[in-house]
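Peer 1: Quick note: the sequence shown uses my numbering, first residue 123, plus one each step. From the three backbone atoms N, C-alpha and C, an ideal C-beta is built for every residue, glycine too. Quick caveat, the model's predicted, so the values are computed rather than measured.
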Amino acid sequence: MRSILIISNDYGGTNAVLPIARTLIERNFRVWIISSGNGLQVWIDAEFQDILEELDDSIEITEVIKKIKELTPDAIVTGAGAYNQIEHTFRLAAAELKIFCFAQLDYWSNYQVRFRRKSGDKIVYSFPDLIGMLDSICLEEMIAEGCDEKKLIIVGAPNIEESVNYIQSIKQSQIEKWREEIGIQKNLLTVVYFSQTMTTTEPKIDNNNPEEYVFRPWGFTQLTILRELISSISKVCNIREMSVKLIVKAHPRESYEALSEVLTSTETSPLLDCMVVENYDAKKLICISDIVTSTFSTTLIEAALSDKPALSIQIGRNQSNPHYSFWGNRVGATIPIFDNRELQQFFDNYATAPKSLYLSKISFENSASNVADLIQDNLPN
């Protein structure tokens with residue numbers, strides 16, 4: 123039986139490789155999973171405990187090589203997170219042991235930094251044999267950052283494919299049951315806000331010096347956007363005399379208290395009921411929502427591709443010099459909001475004539491199968 127070792131650390135990267143693990147198991151591969159960080163709970167929630175091992179993110183390469191020799195996998199698959207060490211170390215070990223290594227991207231940003239780490243005064247790269255690209259936009263941007271085109275191949279987005287398939291499979295009766303369990307009255311307009319952890323500045327690679335990043339201010343944070351969202355919905359609630367439920371989903375790496383403080387310190391309409399949730403499943407939240415909002419979360423893409431109005435709110439960003447451009451907005455799947463008047467107008471229009479505002483039909487079908495095919499094709503004889 124051929125065997126595959128899968129390595130992940132963060133939430134996004136783990137969700138990207140999890141469907142690949144399922145597909146490989148369905149094809150009768152023996153699969154081992156090693157994880158750390160937020161990714162560990164993702165594997166546990168998906169019931170992969172029997173083949174899951176936790177290792178410290180800072181494990182030394184000598185120990186990694188020892189572990190790989192113990193398991194003797196035919197190939198290694200990793201996530202492509204920018205802020206962990208374990209995926210990087212396993213890619214380095216795979217290269218040293220001459221084992222085929224594949225990494226799957228989960229998002230359209232910070233490409234090179236995902237495959238390098240600083241070690242003392244040196245920059246160490248850990249490019250695998252092949253990297254799974256999400257689409258042609260991802261491919262073009264990664265080439266523009268100086269990545270070797272021979273190592274890049276478009277396979278799709280396994281995490282988005284799996285989420286959309288799940289959301290579209292849920293029946294309305296189940297959705298109503300979930301809404302009742304979380305305390306949403308029948309037919310009450312429900313808005314979900316997926317918060318994100320954000321640095322105060324956005325790193326953008328300097329193509330003239332690929333070792334350096336240029337840091338530019340975002341112009342907003344997840345907390346300022348939440349405050350704008352509450353204010354805009356409150357105004358429409360008062361004008362239209364309608365009730366709305368706002369569910370705020372904290373990011374796995376985010377403080378619940380900071381979000382709660384925004385709710386209590388922002389003037390809110392008595393017709394707007396707000397709550398913060400931490401551990402509620404993101405896909406279920408998309409299912410029970412009427413409108414999904416965030417800054418540039420992957421959940422916006424999942425919602426949009428599931429025919430839900432999805433608002434990418436970036437109030438405060440300098441549109442004349444858009445140093446960050448969200449993929450969903452670029453392809454017309456999500457609705458960009460750069461001004462609080464636009465935000466209030468959207469909710470006012472929706473209140474008077476609610477409808478699906480889906481803009482662009484894009485599919486990531488067969489992404490996990492594409493990766494499994496690729497791995498099979500590159501296994502040693």
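Helix, strand or coil for residue 327? Go by DSSP, reduced to three states.
Peer 2: Numbered from 1 along the sequence shown, position 205 holds the residue referred to as residue 327. Bear in mind that a pLDDT of 48 at residue 327, under 50, signals an unreliable position, so the number given afterwards is only what the model happens to contain. Reduced to three states, the DSSP call for residue 327 is strand.
Peer 1: Applying the criterion that 16 or more other CB atoms from any shown protein chain within 10 Å of the CB defines a buried residue, is residue 268 buried or exposed?
Peer 2: Position 146 of the sequence shown, counted from the start, is the residue given in the question as residue 268. So residue 268 counts as exposed.
Peer 1: Per DSSP, what kind of secondary structure is residue 359 in: helix, strand or coil?
Peer 2: To locate residue 359, count along the sequence shown from 1; it is residue 237. Helix.
Peer 1: Quick check on the burial criterion: 16 or more other C-beta atoms within 10 angstroms. Buried or exposed for residue 209?
Peer 2: Residue 209 sits at position 87 when you count from the first residue of the sequence shown. It counts as buried.
Peer 1: Looking only at its own chain, which residues have a Cβ that is under 7 Å from the Cβ of residue 220, when we skip the five neighbours before and after it?
Peer 2: Residue numbering aside, residue 220 sits at position 98 when the sequence shown is read from its first letter. Correct list: empty, nothing qualifies.
Peer 1: Of all the alpha helix (DSSP H) runs that stay within the bounds of the stretch 378-409, which reach a length of 4 or more residues?
Peer 2: 378-387
Peer 1: Taking only runs that begin and end inside the stretch 413-454, name each unbroken alpha helix (DSSP H) of 4 or more residues, in chain order.
Peer 2: 420-426, 449-452
Peer 1: Using a C-beta cutoff of 9 Å, does residue 459 count as contacting chain C?
Peer 2: In the structure shown, chain C does not exist; there is a single protein chain.
Peer 1: Taking the alpha-carbon positions, what's the residue 390 to residue 427 distance?
Peer 2: Here residue 390 refers to the residue found at position 268 of the sequence shown. Here residue 427 refers to the residue found at position 305 of the sequence shown. Looking at the two C-alpha atoms, the distance is approximately 31 Å.
Peer 1: With 16 other CB atoms within 10 Å as the buried threshold, where does residue 375 fall?
Peer 2: Within the sequence shown, the letter at position 253 stands for residue 375. Burial call: exposed.
Peer 1: State the CB to CB distance for the pair residue 160 and residue 228, rounded to an integer number of angstroms; the pair is presumed to be in contact (CB under 8 Å).
Peer 2: The sequence position of residue 160 within the sequence shown is 38, counting from 1. The sequence position of residue 228 within the sequence shown is 106, counting from 1. About 13 Å separates the two Cβ atoms, so there is no contact after all.
Peer 1: Taking the CB atoms as reference points, tell me whether residue 459 and residue 437 lie closer together than 9 Å.
Peer 2: Residue mapping note: residue 459 aligns to position 337 of the sequence shown, counting from 1. Residue mapping note: residue 437 aligns to position 315 of the sequence shown, counting from 1. The answer is yes: Cβ separation under 9 Å.
Peer 1: Can you give me the C-alpha to C-alpha distance between residue 431 and residue 130, rounded to a whole angstrom?
Peer 2: Position 309 of the sequence shown holds residue 431. Position 8 of the sequence shown holds residue 130. The alpha-carbon atoms of residue 431 and residue 130 are separated by roughly 31 Å.
Peer 1: Where does residue 323 land, buried or exposed, given buried means 16+ other C-beta within 10 angstroms?
Peer 2: Sequence index remark: in the sequence shown, residue 323 carries index 201 (1-based). Unreliable placement is indicated for residue 323, whose pLDDT of 47 sits below 50; the coordinate value is still reported in the next sentence. Looking at its Cβ environment, which holds fewer than 16 other Cβ atoms inside 10 Å, residue 323 is exposed.
Peer 1: I'd like to confirm the pairing. Which residues does DSSP put opposite residue 156 in its beta bridges?
Peer 2: Position 34 of the sequence shown holds residue 156. Looking at the DSSP assignment, residue 156 forms a beta bridge with 129, 175.
Peer 1: Measuring CB atoms only, is the stretch 276-287 touching the stretch 369-389, in the sense that at least three cross pairs come out at less than 8 Å?
Peer 2: No contact exists between the stretch 276-287 and the stretch 369-389.
Peer 1: Given residue 443, which residues of its chain have a CB within under 8 Å of its CB, disregarding the five upstream and five downstream residues?
Peer 2: Looking up residue 443 in the sequence shown gives position 321. Any answer about residue 443 is weak, because its pLDDT of 46 lies below 50 and its placement is not dependable; what the coordinates show is given next. Around residue 443: no qualifying Cβ.
Peer 1: Contact between the stretch 461-470 and the stretch 351-359: three or more CB pairs below 8 Å?
Peer 2: yes
Peer 1: Could you tell me which of 305, 393, 409, 369 sits nearest to residue 400, measuring between CA atoms?
Peer 2: For this step, residue 400 is matched to residue 278 along the sequence shown. When each option's Cα is compared against that of residue 400, the closest is 369.
Peer 1: Which ranges would you report for the beta strand (DSSP E) in the stretch 185-236 if only whole runs of at least 3 residues count?
Peer 2: 197-200, 222-226
Peer 1: Grab the span of the beta strand (DSSP E) containing residue 299 for me, first residue to last.
Peer 2: Your numbering for residue 299 matches position 177 in the sequence shown. Unbroken run through residue 299 is the alpha helix (DSSP H), 294-304; no beta strand (DSSP E).
Peer 1: If I'm right that residue 300 touches residue 410 with Cβ under 8 Å, what's the distance once you round it to whole angstroms?
Peer 2: Position 178 of the sequence shown, counting from 1, holds the residue named residue 300. Position 288 of the sequence shown, counting from 1, holds the residue named residue 410. Confirmed, Cβ separation roughly 5 Å.
Peer 1: When the Cα of residue 473 is compared with those of 317, 341, 316, 309, which residue comes out closest?
Peer 2: Taking the sequence shown and counting its residues from 1, the one referred to as residue 473 is at position 351. When only C-alpha atoms are compared, the closest one is 309.
Peer 1: Going by alpha carbons, who is nearest to residue 204 out of 266, 377, 179?
Peer 2: The count along the sequence shown starts at 1 and reaches residue 204 at position 82. Selected option, being the one with the closest Cα: 179.
Peer 1: Output needed for residue 189: all residues of its chain with C-beta closer than 7 Å, excluding positions within five of it in sequence on either side, in chain order.
Peer 2: In the sequence shown, residue 189 corresponds to position 67, counting from 1. Same-chain partners within the cutoff: there are none.
Peer 1: So what does DSSP say about residue 276, is it helix, strand or coil?
Peer 2: As a position in the sequence shown, residue 276 is number 154, starting the count at 1. Three-state result, residue 276: strand.
Peer 1: Between the Cα of residue 381 and the Cα atoms of 274, 317, 242, which residue gives the shortest distance?
Peer 2: Numbered from its first residue, the sequence shown carries residue 381 at position 259. Here the closest residue by C-alpha is 317.
Peer 1: Could you check what DSSP says for residue 166 in three-state terms: helix, strand or coil?
Peer 2: To locate residue 166, count along the sequence shown from 1; it is residue 44. Of the three classes helix, strand and coil, the one that applies to residue 166 here is helix, per DSSP.
Peer 1: Just the Cα atoms here: how many angstroms apart are residue 502 and residue 258?
Peer 2: Mapped onto the sequence shown, residue 502 falls at position 380. Mapped onto the sequence shown, residue 258 falls at position 136. Distance between the alpha carbons of residue 502 and residue 258 is about 29 Å.
Peer 1: If we call anything under 9 Å between Cβ atoms a contact, is residue 125 one with residue 152?
Peer 2: Along the sequence shown, read from residue 1 onward, the residue named residue 125 stands at position 3. Along the sequence shown, read from residue 1 onward, the residue named residue 152 stands at position 30. For residue 125 and residue 152, yes; Cβs fall inside 9 Å.
Peer 1: Should residue 197 and residue 500 be called a contact, given that it needs their Cβ atoms to be closer than 9 Å?
Peer 2: As a working mapping, residue 197 is identified with position 75 in the sequence shown. As a working mapping, residue 500 is identified with position 378 in the sequence shown. Closer than 9 Å, so yes.
Peer 1: Residue 457 to residue 434, Cα distance in whole Å?
Peer 2: For this step, residue 457 is matched to residue 335 along the sequence shown. For this step, residue 434 is matched to residue 312 along the sequence shown. For residue 457 and residue 434, the distance between alpha carbons rounds to 6 Å.
Peer 1: In this structure, does DSSP put residue 250 in helix, strand or coil?
Peer 2: One-based indexing of the sequence shown puts residue 250 at position 128. DSSP places residue 250 in coil when its eight states are reduced to three.
Peer 1: Whose C-beta lies closer than 8 Å to the C-beta of residue 134 among residues of the same chain, with five residues either side of it excluded?
Peer 2: Here residue 134 is taken as the residue at index 12 of the sequence shown, counted from 1. Once the five neighbours on either side are set aside, the close Cβ partners of residue 134 are 201, 203, 228, 229, 281, 420.
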